[in-house]
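One structure is given here, and the rest of the page talks about it.
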Amino acid sequence: MAFSFIQITDHHLRASETDPVRGVMTTYTLAATLRHIARHAAAHADFMVSLGDLVDPPSEAAYRAVMERLAIQNTATSVAPGPLTISGEGLRDFPIYFLPGNHDDRHDFFRVLFPGIAPMPLLNARFEYQGVQFICLDWGTDATSVAYPETLAFLADALQTDLPSVILTHHQVVPVGARWLDAFIAPGLARFWEIVRGKRVIGVLAGHVHLTHEQLVQGIPVLTLRSTAFQFARTETPTIVLEPPHYRFVTIHNGVLTSRIFEVPLA
Ligand SMILES: [Fe+2]
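In the working numbering, the protein residues as written are 21 to 287.
Written as structure tokens, this is what we have:
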């Protein structure tokens, strides 16, 4: 049994689509990414996951503008993290799950995207798809992750299962080789790896670092991804580089997770 899905992350959208973020027109670069997905990948994938920083800076008006611009549909009964649906740029009612990032205001995020449920301070949630459990973990609204006891407890509880599990998180859980980015990992996240040890976790997907990084930890693929907006270099101090967005096409086959990166030409 196999299925595929697509990972995108860190959209940093503004209420106005012509308002740049760090010199990048983020609405344009996301639209280019979605167009590329529609042309090359969507027909072979069942859904998308967006791993946070939907807007920057957050406001209810920004979320409402983004929902309208991306034709994101929800229903009053939608549960977080979804699926909602997204249309436009060649996509039509494509299922998409949204996790919040550190730039997302939890209250406004829930009010606009998931009006049928009460806002939560942290979006720790799980869903199943074709016999695979997806565990969504929330480390908060600071650039530096916070090892919240409730997030760690949620993880430990969710892993009491025989199902293979994929962990989705905005903040990274391993260093990526850039000192200033790696300083964003909470010391308490060592506990994350203790909880995961020996469990049937087949992949960890993250955002936040705005660069693509892949490594095996405890035999588990741990994968971060370039933003759909601006990218960071793997440097000691913050450096933004001119690199095009990535998205990740992920396939799970017989409990094994593999993926490939698509680069989105912006010219
Ligand atoms: Fe980000």
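Ideal Cβ placement from N, Cα and C applies to all residues, glycine included.
Please state the DSSP three-state secondary structure of residue i.
i: Thr46; result: helix
i: Tyr168; result: coil
i: Met21; result: coil
i: Ala85; result: helix
i: Gly108; result: strand
i: Thr29; result: coil
i: Glu256; result: coil
i: His273; result: strand
i: Phe147; result: strand
i: Glu37; result: coil
i: His266; result: strand
i: Arg55; result: helix
i: Phe129; result: helix
Measuring CA to CA, which of the options is closest to residue i?
i: Gly208; options: Ala198, Glu234, Asn122 and Ala173; result: Ala173
i: Met21; options: Tyr149, Thr46, Val44 and Gly136; result: Tyr149
i: Pro104; options: Phe134, Arg84 and Gly121; result: The sequence as given places Leu at residue 104; Pro does not occur at that position. Leu104 has its Cα closest to that of Phe134, out of Phe134, Arg84 and Gly121.
i: His230; options: Val99, Ser98, Asp202 and Phe147; result: Asp202
i: Leu277; options: Pro241, Leu71 and Thr248; result: Pro241
i: Arg89; options: Ser79, Gly108 and Ala210; result: Gly108
i: Leu143; options: Gly121, Gly136, Thr164 and Ala226; result: Gly121
i: Gln180; options: Phe212, Ile28 and Arg220; result: Arg220
i: Thr46; options: Val75, Arg59, Ser24 and Arg55; result: Val75
i: Ile155; options: Glu80, Tyr48, Ile92 and Ala226; result: Ala226
i: Leu33; options: Thr271, Gly275, Phe250 and Arg268; result: Phe250
i: Gly275; options: Leu183, Gln93 and Arg59; result: Leu183
i: Phe252; options: Val166, Ile28, Val196 and Ile187; result: Val196
i: Ala61; options: Arg268, Ala51, Phe212 and Val224; result: Arg268
i: Leu243; options: Arg112, Thr255 and His228; result: His228
i: Trp200; options: Ala51, Arg254, Asp30 and Gly151; result: Arg254
Classify residue i: buried if its beta carbon has 16 or more other beta carbons within 10 angstroms, exposed otherwise.
i: Ser279; result: buried
i: His127; result: exposed
i: Asp124; result: buried
i: Ser36; result: exposed
i: Ala63; result: exposed
i: Trp159; result: buried
i: Asp162; result: exposed
i: Ala82; result: buried
i: Val261; result: exposed
i: Gln235; result: exposed
i: Val193; result: buried
i: Val216; result: buried
i: Pro258; result: exposed
i: Thr97; result: exposed
i: His273; result: exposed
i: Gln93; result: exposed
i: Gly218; result: exposed
i: His56; result: buried
i: Thr171; result: buried
i: Ala100; result: buried
i: Asp39; result: exposed
Is residue i a contact residue of ligand 3, with contact defined as CB to any heavy atom under 7 Å?
i: Asp177; result: Of the ligands one can find in the structure shown, namely ligand 1, none is ligand 3.
Less than 8 Å between the CB atoms is what I'm expecting for residue i and residue j, so what's the real figure, rounded?
i: Trp68; j: Val132; result: According to the sequence as given, residue 68 is Met; it is not Trp. That belief does not hold up - the Cβ atoms of Met68 and Val132 are roughly 18 Å apart, past 8 Å.
i: Ser185; j: Ala178; result: 7 Å
i: Phe23; j: Asp66; result: 5 Å
Chain D beta carbons: is any one of them nearer than 8 Å to that of residue i?
i: Arg211; result: Looking at the structure shown, chain D is missing, and only one protein chain is on hand.
Inside the segment 171 to 237 only - beta strand (DSSP E) runs reaching at least 3 residues: If we require 3 residues or more, the beta strand (DSSP E) runs fully inside the segment 171 to 237 come out as 185 to 189, 221 to 226 and 233 to 237.
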